[in-house]
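Quick note: my numbering has the sequence shown finishing at residue 288, numbered continuously throughout.
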Amino acid sequence: MSVDEVDGTGAEDAGWEVEPGDESGAAVVAAVGRQMKLWRESKGLSAVEFGALIGYGEDLIRKIERGARIPRPEYLDKADEAMGASGLISAMKRDVEEVRYPKQVRSLAKLEARAVEFSLYSNSNIHGLLQTEEFARALLRTWRPAYGSEELERYVAARVQRTGVLEKGPGPEFSFIQEEATLKRPIGGRMVLRRQLERLLEVGDLPNVEIQVMPTEHADHPGTAGLIEILKFGDGTGVGRSDGDFNGRPVSDLKRLRILDLRYGIIRSKALTPVESRDFIEQLLGET
1 MSVDEVDGTG AEDAGWEVEP GDESGAAVVA AVGRQMKLWR ESKGLSAVEF
51 GALIGYGEDL IRKIERGARI PRPEYLDKAD EAMGASGLIS AMKRDVEEVR
101 YPKQVRSLAK LEARAVEFSL YSNSNIHGLL QTEEFARALL RTWRPAYGSE
151 ELERYVAARV QRTGVLEKGP GPEFSFIQEE ATLKRPIGGR MVLRRQLERL
201 LEVGDLPNVE IQVMPTEHAD HPGTAGLIEI LKFGDGTGVG RSDGDFNGRP
251 VSDLKRLRIL DLRYGIIRSK ALTPVESRDF IEQLLGET
């Protein structure tokens with residue numbers, strides 16, 4: 001956790017940096033910052049005095065007020081109490097709830113929120129929707145160039161928030177196919193992997209989720225080109241992407257979606273059944 005040392009005292013970081021190029025997010029944060037400044041000035045408080053009231057440094061107060069920093073929910077709650085705002089400041093948490101996540105992740109989360117059917121094949125890592133928080137953190141720490149601590153936590157929080165789509169009601173239908181190797185790589189160490197395997201068994205028990213394992217010995221399948229993700233929506237449209245096609249970009253035209261559907265169907269037919277996959281994961285868990 002980062003701290004602000006500007007005034008010589010340590011204080012919990014008040015928020016996240018605004019992502020470069022996120023114009024819509026920056027507009028929301030700027031509006032919230034202006035409101036925060038108006039509240040402070042209406043109480044006749046300087047930035048230093050206000051910071052002392054809620055336990056943050058002057059530099060962080062001013063960054064939030066000029067829209068250079070996204071306030072955390074607890075910051076807004078403390079400000080609301082200090083100002084006697086009766087929930088009006090805390091209500092702004094809804095405005096910043098989405099923009100605290102990176103723009104790319106927000107766009108993906110919006111698509112996932114609309115989808116009624118997911119077809120997801122992963123050959124290098126356990127899919128993000130299936131990851132535990134500690135596994136996600138350990139995995140993201142392996143990426144290069146390395147994330148800073150604040151950026152890392154933003155991406156972890158965004159990934160955890162996305163997993164809520166698994167249990168929303170009415171639930172979409174999920175089909176996950178995981179390559180065997182992704183279930184054996186001890187990202188974060190043996191205990192982190194054990195808890196991740198337990199999470200797979202837990203999610204696999206949901207009535208709208210099927211998890212299948214592709215054994216390494218099943219080499220004759222079209223998943224060697226890379227991951228495949230297909231989302232289908234209630235209006236009959238869809239979007240998909242594959243590492244090995246279309247330059248990895250999302251596609252929505254029917255011809256290209258049919259190609260991904262065909263490929264995914266073949267992979268699914270060659271993987272272990274959901275029951276066999278559960279037995280396989282339980283065996284791995286016993287060996288880990």
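Each residue gets a CB set at the ideal place from its N, CA and C atoms; glycine is no exception.
Residue from D220, F174 and G51 whose Cα sits closest to the Cα of E117: As a first step, residue 117 must be located in the sequence shown, where it is residue number 117. Among D220, F174 and G51, the Cα nearest to that of E117 is on F174.
Look up L166 in the DSSP assignment and say whether it is helix, strand or coil. Sequence index remark: in the sequence shown, residue 166 carries index 166 (1-based). Here L166 sits in helix by DSSP.
Backbone CA spacing between E134 and L206 [nearest angstrom]: As a first step, residue 134 must be located in the sequence shown, where it is residue number 134. As a first step, residue 206 must be located in the sequence shown, where it is residue number 206. So the two alpha carbons sit approximately 21 Å from each other.
With contact counted as at least three CB pairs below 8 Å, one residue from each stretch, are the region 196-212 and the region 169-183 in contact? yes
Own chain, CB closer than 8 Å to E23, minus 5 neighbours either side, in chain order: Numbered from 1 along the sequence shown, position 23 holds the residue referred to as residue 23. Here the set comprises nothing.
For the 8 Å Cβ check, are there 3 or more pairs between the region 35-54 and the region 75-91? yes
DSSP state of S149 mapped onto helix, strand, coil: Counting from one through the sequence shown, the residue named residue 149 turns up at place 149. Judged by DSSP in its simplified three-state form, S149 adopts helix.
What span of residues does the alpha helix (DSSP H) with M214 cover, start to end? Walking along the sequence shown from the start, residue 214 turns up at place 214. M214 -> not in any alpha helix (DSSP H); beta strand (DSSP E) instead, spanning V209 to M214.
Contact between the region 219-235 and the region 190-202 is defined here as three or more beta-carbon pairs at a separation below 8 Å; is this criterion met? Contact fails: fewer than three Cβ-Cβ distances are below 8 Å.
Looking at the structure shown, is I126 part of a helix, part of a strand, or coil, going by DSSP? Looking up residue 126 in the sequence shown gives position 126. The answer is coil: DSSP assigns I126 none of H, G, I, E or B.
Based on Cα-Cα distance, which residue from A158, L257, F280 and Q35 lies nearest to A181? To locate residue 181, count along the sequence shown from 1; it is residue 181. When only C-alpha atoms are compared, the closest one is F280.
Taking N208 as the reference, which of Q196, E167, V239 and G265 has the closest Cα? Stepping through the sequence shown from its first residue, residue 208 is reached at position 208. Ranking Q196, E167, V239 and G265 by Cα distance to N208 puts E167 first.
Report the three-state DSSP secondary structure of S252 (helix, strand or coil). As a first step, residue 252 must be located in the sequence shown, where it is residue number 252. Three-state result, S252: coil.
Run through DSSP, which three-state label would E5 get? If you number the sequence shown from 1, residue 5 lands on position 5. Interpretation of E5 is limited by its pLDDT of 30, a score under 50 that renders its predicted location unreliable; the figure taken from the coordinates is listed afterwards. DSSP places E5 in coil when its eight states are reduced to three.
With distances taken from CA atoms, which of V156, V28, R40 and G128 is nearest M83? Looking up residue 83 in the sequence shown gives position 83. When only C-alpha atoms are compared, the closest one is R40.
Whole angstroms are fine: how far does the CA of A47 sit from the CA of G8? Within the sequence shown, the letter at position 8 stands for residue 8. Within the sequence shown, the letter at position 47 stands for residue 47. The predicted position of G8 is uncertain, since its pLDDT is 31 and thus under 50; a value taken from the coordinates is nonetheless stated next. Looking at the two C-alpha atoms, the distance is approximately 15 Å.
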